[in-house]
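First up is the structure itself, then whatever we jot down about it.
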Amino acid sequence: MTDIVTERTGAILRVELNRPGQKNAMTSSMYTSLAGILNEADKDDAIRVVLWHSTGNVFCAGNDVVDFLKNPPRPGAFPQGDLMDAFVSFEKPIVAAVQGAAIGGGTTMLTHCDFVYAVESAKFQLPFINLALVPEFGSSFSIPARVGHLRAAELYLLGEPFTAPRAAELGLVTRVVPDSELLATATATAQKLTAKPNGALLASKRLLKQASIGQLKEAIKSESQEFMERVSSPDAKEALSAFLEKRPPNFAKSPTQVAAE
Numbered sequence: 041m042t043d044i045v046t047e048r049t050g051a052i053l054r055v056e057l058n059r060p061g062q063k064n065a066m067t068s069s070m071y072t073s074l075a076g077i078l079n080e081a082d083k084d085d086a087i088r089v090v091l092w093h094s095t096g097n098v099f100c101a102g103n104d105v106v107d108f109l110k111n112p113p114r115p116g117a118f119p120q121g122d123l124m125d126a127f128v129s130f131e132k133p134i135v136a137a138v139q140g141a142a143i144g145g146g147t148t149m150l151t152h153c154d155f156v157y158a159v160e161s162a163k164f165q166l167p168f169i170n171l172a173l174v175p176e177f178g179s180s181f182s183i184p185a186r187v188g189h190l191r192a193a194e195l196y197l198l199g200e201p202f203t204a205p206r207a208a209e210l211g212l213v214t215r216v217v218p219d220s221e222l223l224a225t226a227t228a229t230a231q232k233l234t235a236k237p238n239g240a241l242l243a244s245k246r247l248l249k250q251a252s253i254g255q256l257k258e259a260i261k262s263e264s265q266e267f268m269e270r271v272s273s274p275d276a277k278e279a280l281s282a283f284l285e286k287r288p289p290n291f292a293k294s295p296t297q298v299a300a301e
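With the numbering used here, letter number 221 in the sequence shown gets 261, and the count goes up by one each step, no holes.
Pasting the structure below:
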């Protein structure tokens with residue numbers, strides 16, 4: 041089974057995450073594949089809009105932890121970084137349709153979309169702190185820029201789930217729609233975009249991004265360096281092991297706490 045399915049209809053490229061049995065969790069190969077899909081779509085003049093969604097009842101559970109432990113991000117081998125670069129440089133509109141849960145990267149990747157529609161039952165979460173990790177995909181800049189420091193601190197430093205209406209209130213979701221209307225709503229927006237004058241559409245997106253692009257790239261660079269350090273820390277190893285073993289992590293003897301005793 042192909043983990044990412046693509047289909048072009050007219051000027052719309054439909055991109056579907058297709059690992060429902062694994063909650064559409066992202067593997068290193070999926071990051072590389074999705075980056076390649078976006079890079080190719082950006083160069084293809086016949087494609088004007090990307091419509092991104094998932095099969096099953098979960099949008100994306102973030103990293104596939106088993107694959108993540110086998111292929112941890114490190115200098116020279118950072119497929120997540122390839123996808124980040126692809127999102128940052130992508131010039132065409134991206135419309136996303138979110139059902140079920142969007143966890144970790146499942147949420148932070150959405151910050152690179154231009155339209156995000158979510159069903160009423162969708163759940164979002166930025167649980168990096170719970171895994172002894174840090175934000176990714178430039179979201180340490182983009183999310184505080186949208187929601188303010190206090191709200192961003194609540195999302196990141198507590199790492200608790202929040203609802204689709206809350207995501208819309210924060211400006212992380214364009215609109216909350218009934219479950220039965222999700223893909224139809226996202227598709228209708230994609231079709232409207234293909235009818236716009238393409239030169240002006242691309243220029244408008246470029247202008248909307250230009251003020252923040254430098255800061256976004258700097259955030260991605262800083263996050264990636266910190267992420268690679270954190271992922272090899274004792275706390276991260278304990279958190280990821282606990283996740284796989286379905287038990288609460290024990291950070292009681294972290295290096296920081298031991299030094300303080």
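All C-beta atoms, glycine included, are put in the ideal place defined by N, C-alpha and C.
Keep in mind that this is a model prediction, so the values were computed, not measured.
Check                                                                                                                                             : Outcome
Pair every Cβ in the region 183-191 with every Cβ in the region 120-136, then say whether three or more of these pairs are closer than 8 Å.       : no
Put K163 into one of helix, strand or coil per three-state DSSP.                                                                                  : strand
With a cut-off of 8 Å on the beta carbons, I'd call E263 and P175 a contact; round off their distance for me.                                     : 6 Å
Is there contact between the region 194-213 and the region 152-171, where contact requires at least three CB pairs shorter than 8 Å?              : yes
Can you grab the Cα-Cα spacing for the pair Q297 / S281, in whole Å?                                                                              : Because the pLDDT at Q297 is just 49, under 50, the model does not fix this residue reliably, and the value given afterwards should be weighed accordingly. Looking at the two C-alpha atoms, the distance is approximately 20 Å.
Just to confirm before moving on: does the CB-CB distance between G102 and A65 stay below 8 Å?                                                    : yes
Given a cut-off of 8 Å on the beta-carbon distance, is the pair E131 and L242 in contact?                                                         : yes
Taking R48 as the reference, which of L78, M70 and L212 has the closest Cα?                                                                       : L78
Determine the DSSP secondary structure at I87, reduced to helix, strand or coil.                                                                  : coil
Counting only the same chain and skipping the five closest in sequence on each side, list residues whose C-beta sits under 7 Å from that of L256. : V128, G178, F181 and S182
How should H152 be labelled, buried or exposed, when 16 other C-beta atoms within 10 angstroms of its C-beta is the threshold for buried?         : buried
Find out if the Cβ-Cβ distance for the pair V55, A230 is shorter than 8 Å.                                                                        : no
Run the CB neighbour count on A271, radius 10 Å, all protein chains shown included, and call it buried at 16 or more, exposed below.              : Going by the sequence as given, residue 271 is Val instead of Ala. Result: buried.
By Cβ distance, which residues of its chain are closer than 8 Å to V106, with the 5 residues on each side in sequence left out?                   : L284
Which same chain residues end up closer than 7 Å to Q120 when comparing Cβ atoms and leaving out the 5 residues on each side of it in sequence?   : Y71, P113 and E176
Spatial neighbours of D43 within its chain, please: C-beta separation below 8 Å, excluding the five flanking residues on both sides.              : L57, N58, R59, T67, S69, M70 and S73
With DSSP collapsed to three states, give me the class of A228.                                                                                   : helix
Based on DSSP bridge pairs, tell me the residues matched to M66.                                                                                  : N103
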